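Mapping to the working numbering: the sequence shown position 56 is 243, numbers consecutive.
All residues carry an ideal CB built from backbone N, CA and C; glycine is no exception.
Everything numeric in this text was worked out from a predicted model, so none of it was measured.
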Amino acid sequence: MATLASGCIVLWEGGSLWVFDVPAPPPDAPVPRTGTHGHHALQLTYALEGRFGIHLPDGRRFNEPASVVAPDAEHAFTAQGRIALLFVEPESPAGRVVQAHVPPGAGAAALPPMPSSQAGRIAHAMAGKPPDRAALVEIGRELTVEVVRQLEPAVGAAPPPTSPDPPDPPDPPDPRVLRMIAWADEHLLDGDVDLPGAAAAVALSPSRASHLFVEHTGLAFRTWLLWRRAVRAVERYAAGDSLTDAAHAAGFADSAHLSRTFRRLFGLPATVLELR
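See the structure below:
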């Protein structure tokens with residue numbers, strides 16, 4: 188399958204930054220569009236030297252300069268030129284602030300544009316051959332902090348008299364849920380991560396742990412675990428592993444299983460992304 192975009196993916200605990208160049212389609216050809224998909228992380232999308240569209244199932248569209256998609260919200264994606272996607276885990280402190288910016292049930296919302304200083308640093312990091320991955324991690328972390336700084340006043344500000352109260356950030360997940368997540372991350376490579384094991388790590392029955400996990404993350408543990416394995420596979424694929432090696436490193440049965448999961452979570456095959 189032909190390459191649709193080329194770029195770089197870097198990850199750190201709680202987030203990742205994807206910077207891609209998407210070539211314009213041939214004359215009279217439609218702009219490539221992903222399939223409708225959803226993923227557990229918040230997706231903050233920025234137009235750098237390009238443009239994008241976030242397409243929701245009800246026909247609404249969010250465009251540049253920046254937009255955020257809520258966790259697990261179904262959407263499709265179009266882009267041309269250079270774009271940046273910042274993924275933030277919703278259980279993190281930053282994720283709770285960003286999630287509060289999206290009205291309940293809205294699926295997506297507009298964001299302030301990326302500061303020009305950070306956009307310039309991304310351009311400089313991407314100019315390297317290969318790109319400066321350490322610099323991109325630093326920029327991604329700083330951008331996450333900047334987004335929280337931009338949004339916290341809006342979340343906590345007094346609303347105009349005719350406006351509803353602004354939403355409060357979601358409460359932090361139950362500490363036992365956070366410990367289940369930490370246990371799963373620690374044992375992800377063991378191949379034996381499952382709900383009974385996570386429940387035992389926090390001294391709960393599997394049924395109680397299951398209900399608590401859904402209550403605080405919105406996902407069944409098994410579904411969340413699939414997302415976590417996909418993130419681990421992306422990390423290995425971005426570091427230069429083959430799809431087969433990345434799949435095995437993340438606990439997938441084979442590259443076909445990883446490919447199906449990647450398409451379901453991101454709306455396109457991993458093979459159409461050329462990583463530098």
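Cβ pair residue i, residue j closer than 8 Å
i, j, result
"A192", "L460", "yes"
"H311", "D361", "no"
"A253", "V209", "no"
"R269", "G237", "yes"
"H242", "F453", "no"
"R375", "A396", "The question names Arg, but residue 375 in the sequence shown is Leu. Against a cut-off of 8 Å, the Cβ pair of A396 and L375 comes out as no contact."
Whole-Å CB distance - residue i paired with residue j, under 8 Å assumed
i, j, result
"V335", "A295", "18 Å between Cβ atoms; not a contact."
"W199", "V324", "5 Å"
"G307", "A263", "Contact flag wrong, Cβ pair sits at about 30 Å."
"R416", "F439", "6 Å"
"V389", "R366", "5 Å"
"C195", "L462", "7 Å"
"A437", "A425", "About 12 Å; that fails the 8 Å criterion."
"A329", "Q305", "Note on identity: in this sequence residue 329 is Glu, with Ala being the wrong assignment. Right, their Cβ atoms sit about 7 Å apart."
"L235", "I326", "Incorrect: roughly 12 Å between the Cβ atoms, too far for contact."
"G240", "R247", "Not really, about 11 Å apart at Cβ, beyond 8 Å."
Cβ of residue i within 8 Å of any chain B Cβ
i, result
"W411", "Among the protein chains of the structure shown there is no chain B, as only one such chain exists."
Residue i burial status per 10 Å Cβ neighbour count (16 or more: buried)
i, result
"P258", "buried"
"S279", "buried"
"G343", "In this prediction, G343 has a pLDDT of 47, which is less than 50 and means its spatial position is unreliable; nothing more can be read from the coordinates."
"A189", "exposed"
"S442", "buried"
"P302", "exposed"
"P244", "exposed"
"S429", "exposed"
"H398", "exposed"
"P212", "exposed"
"A345", "With a pLDDT of 46 at A345, under the threshold of 50, the modelled position of this residue cannot be trusted, and the question is left open."
"A387", "exposed"
"S392", "exposed"
"T331", "buried"
Heavy atom of the ligand FAD within 7 Å of residue i beta-carbon
i, result
"G240", "Of ligands this structure carries none, so the ligand FAD is not represented either."
Please determine if the segment 363-374 and the segment 401-412 are in contact, where contact requires at least 3 C-beta pairs separated by less than 8 Å.
-> The segment 363-374 makes contact with the segment 401-412; the number of CB pairs closer than 8 Å reaches 3 or more.
Would you check if there are 3 or more beta carbon pairs closer than 8 Å linking the segment 266-285 to the segment 221-235?
-> With the cut-off at 8 Å, the segment 266-285 and the segment 221-235 touch.
If you scan the segment 227-312 from start to end, which runs of the beta strand (DSSP E) of 3 or more residues do you find wholly inside it?
-> The beta strand (DSSP E) runs lying completely inside the segment 227-312 and spanning 3 residues or more are 229-242, 248-250, 253-256, 263-275, 295-297, given in chain order.
For the segment 389-449, list the alpha helix (DSSP H) runs that are entirely contained and at least 4 residues long, ordered along the chain.
-> Listed in chain order, the alpha helix (DSSP H) runs fully inside the segment 389-449 are 393-404, 408-425, 430-436, counting runs of at least 4 residues.
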